[in-house]
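In full-length UniProt numbering, the protein residues as written are 1 to 716.
C-beta: ideal position from N, C-alpha, C; glycine also.
Keep in mind it's a predicted model, so treat the numbers as computed, not measured.
And the structure:
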């Protein structure tokens, strides 16, 4: 069947085509276009040429609510959008308006950006707005899927070996002196050898990229002269954000992204995407009509029961996707599979993942979304990380995600901060977090890999600012400093903010080393926030979501102290990588390993005087110090060839007190000789490997951590 479009009297041939795959699929001779809309009465495909002239092509075929057509001769680089004719009845949840040019939800590339023009909004009081949004909105781009991947293969790092580096494509590379200026802030810049060398020399194994799906700079921020820098404002779930492309936005961004992944893989680095499937950039009923709202509002969005003109919002952004609709679930699963199979990414971190589990009102771990992930032969095999909360009722779900999943462990962050801040009643919670949070995850046979441990992330203070500021300073965001975390609580690190006092700077540096060392010596998956290893500051801004400038970018003009902190981080990551007992695949069980002296548990908690911790010791409000024995002779984890794994044993001495504390090392049953590997009181962190005898005393400086080791008693 052939239909005709129109463009200045020139006919456009349209074949009936196919209802799947959705989106624009180029086959070498032409392109098949397919769009889902259950509510549409008529759909027009709009082709836009280089001069901005538009051809409107009716899609007359519809199968299973998918409108489709095949255009021979249309190929890569072609820009397009849709006009959907259908009911305008907000009270019933319908908001079709053919005057709005709509972005294909399945577009593989996007050209242009929105400009906040009034035509993007529905402002007419009694009907659809008559203003045409063409020229003020984004367009989809037909892409060529061909790409030379060479010998690319996924690194497939074991969870126990994984160290995640949370990064922003633009912020990581924007000022790097070795990256050519035209590549800074782009996918190509992140793939530059100088950036990759920093990551690999640091020892991280995975880069978790903040949102790279096509997003929108919303009008409110544009009106303040700001930007949606973080990118949690998605409009295109298949398209790499065009603002990070160095080589063009007519499909070139797809090849550039693939080249970045290929380069990172060649260096042994996995690529994890921070994805935002819980809402879109269209916001609530006052937001712009860019795509989903005009295509099929009631199918894509969760509306308020009985008040269909308004949006049910558990994300704090104005809308939530309707997670019980089959085409919404298909959209998400198609998107995930596309990024794995076509773009070769290695995993996903799901923003506000509790919203994805809300089929109705409550968070349901047995929801259709989790069922689909569980049975999918592609997605079930990559790394899956949940941000296990949203802003809705019952939204805090740390520890409640299914077994395949790892979770950002917010309780880890809070406990570690509290311990090093000197808060009371922290030892028990801190000990649980240090050893992998078995209290959260072991009940359903999950392992330490379920816990993604972090002290800082993009959302909040940087590590340096965490120990430098008692209060947030978000004035530059234009919200009267009302946004962001409400308070940091004192770290007793001296005067707030910038200072040149050497004593204050030394204490702040030590606390940074304490937090980094704790993170990297904890069981679970550690996650660093980019630039924390370099002492990056945001000058007290703990919500820099809108700051696409020096506030957020890493400043690569490093001082001697910053280089020192980077070397410290490298050293501790290398320690973790070298010793399986520091990154166990299973929780500590108290199981013993019989040797020639006496059986020793795999884990022992001790007071500074060398006595084992009793139940009442955990409840003391004034307890700020403890010692941990990690038995390398009792890992009880065979390697992949079935061989018994043994390792060095370690003593971890933690002093969260503001005065120095004498620790009595355990007796000869634990080891004949202990060697100091790490001391955060030292600027370099790595002392001269001093040796200590059993039952001897060791002075641990105020607010510092010491790691001692002894070799295994059995052959490796």
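In three-state DSSP terms, what is residue i?
i	result
residue 40	coil
residue 383	strand
residue 152	coil
residue 297	helix
residue 344	coil
residue 32	strand
residue 628	strand
residue 596	Below a pLDDT of 50, predicted positions are generally treated as unreliable, and residue 596, at 48, falls in that range; the measurement from the model is reported next regardless. If DSSP states are grouped into helix, strand and coil, residue 596 belongs with coil.
residue 698	strand
residue 304	strand
residue 195	helix
residue 102	strand
residue 378	coil
residue 459	coil
residue 88	strand
residue 181	helix
With DSSP as the reference, please indicate the residues paired to residue i in a beta bridge.
i	result
residue 526	453
residue 214	236
residue 164	206, 527
residue 407	386, 451
residue 67	35, 62
residue 709	650, 675
residue 47	55, 80
residue 350	275, 386
residue 142	According to DSSP, which records beta bridges pairwise, residue 142 is partnered with nothing at all.
residue 612	606
residue 321	301
residue 692	674
Grab the span of the alpha helix (DSSP H) containing residue i for me, first residue to last.
i	result
residue 375	368-375
residue 606	Where residue 606 is concerned, there is no enclosing alpha helix (DSSP H), although the beta strand (DSSP E) it sits in stretches over 603-606.
residue 571	560-578
residue 266	252-266
residue 220	219-223
residue 441	438-441
residue 509	502-521
residue 465	463-466
residue 188	187-190
residue 170	169-173
What's the C-alpha gap between residue i and residue j?
i	j	result
residue 613	residue 446	27 Å
residue 496	residue 168	27 Å
residue 654	residue 583	18 Å
residue 592	residue 649	Because the pLDDT at residue 592 is just 49, under 50, the model does not fix this residue reliably, and the point stays unresolved.
residue 160	residue 578	12 Å
residue 249	residue 170	16 Å
residue 287	residue 138	15 Å
residue 538	residue 433	28 Å
residue 570	residue 204	9 Å
residue 453	residue 551	25 Å
residue 118	residue 281	16 Å
residue 555	residue 194	15 Å
residue 442	residue 383	19 Å
residue 557	residue 484	28 Å
residue 153	residue 95	45 Å
residue 252	residue 245	8 Å
residue 576	residue 73	56 Å
residue 664	residue 695	6 Å
residue 467	residue 503	14 Å
Which stretch, first to last residue, makes up the beta strand (DSSP E) that contains residue i?
i	result
residue 655	649-655
residue 13	12-15
residue 587	Segment: none, residue 587 is in no beta strand (DSSP E) and carries neither H nor E.
residue 723	The structure shown does not extend to residue 723, since the chain is modelled only from 1 through 716, so no value can be given for it.
residue 662	661-664
residue 25	23-26
residue 309	307-311
residue 109	109-111
With a threshold of 6 Å, establish whether the CB of residue i neighbours any heavy atom of the ligand SAM.
i	result
residue 282	Among the components modelled here there is no ligand, and therefore nothing to report on the ligand SAM.
Under a CB-based cut-off of 7 Å, is residue i close to chain C?
i	result
residue 200	The structure shown contains no chain C, having only a single protein chain.
The region 183-192 touching the region 563-577, judged by at least three CB pairs closer than 8 Å: no
Is it the case that the region 46-65 contacts the region 268-278, given that we only count it when at least three CB pairs across the two stretches are under 8 Å? no
With a cut-off of 8 Å, do at least 3 Cβ pairs link the region 10-20 to the region 106-117? no
Pairing CB atoms from the region 657-667 with CB atoms from the region 542-556, are three or more of them under 8 Å? no
Pairing CB atoms from the region 672-692 with CB atoms from the region 511-520, are three or more of them under 8 Å? yes
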